[in-house]
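A.B. asks: Have a look at this one.
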């Protein structure tokens, strides 16, 4: 069972709680933590900490929600403002995210 809660630690944070992890899931959890520790990108939630006190496992990330909801690059620019420059800017951001995630594969 996984749970997601909001919290406060040097600002707003999201706490992703993982319970009853199998051996395989724990191995994957550690792999994900290692990757998160090496990832820094303005469009990816900042990794802030981890709890690894069995059976409690949790990941703390910076809260990326805005007042109007989660960031969606496809809706980041209002329809009436779409032009080639804004379209290229969105594509560049998506490319940066993809390139930063390649090391995860």
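Residue numbers (my numbering): 7 to 111.
C-beta: ideal position from N, C-alpha, C; glycine also.
1) May I ask which residues mark the beginning and end of the alpha helix (DSSP H) holding residue 67?
2) Quick one: measure Cβ to Cβ for residue 53 and residue 24, integer angstroms, because I've assumed they're closer than 8 Å.
3) Jot down the residue ranges of each uninterrupted alpha helix (DSSP H) in the segment 22 to 65, minimum 4 residues, whole runs only, in chain order.
4) Assuming contact is defined by CB atoms lying nearer than 9 Å, are residue 65 and residue 21 in contact in what I supplied?
5) Between residue 69 and residue 19, which are expected to be in contact by the criterion C-beta below 8 Å, what is the C-beta distance as a whole number of angstroms?
6) Alpha carbon to alpha carbon, what distance is there between residue 27 and residue 61?
C.D. replies: Quick answer:
1) Counting along the chain, residue 67 falls outside any alpha helix (DSSP H), though it belongs to the beta strand (DSSP E) covering 62 to 68.
2) No, residue 53 and residue 24 are not in contact; Cβ-Cβ is about 15 Å, not under 8 Å.
3) 29 to 44
4) yes
5) 6 Å
6) Distance between the alpha carbons of residue 61 and residue 27 is about 8 Å.
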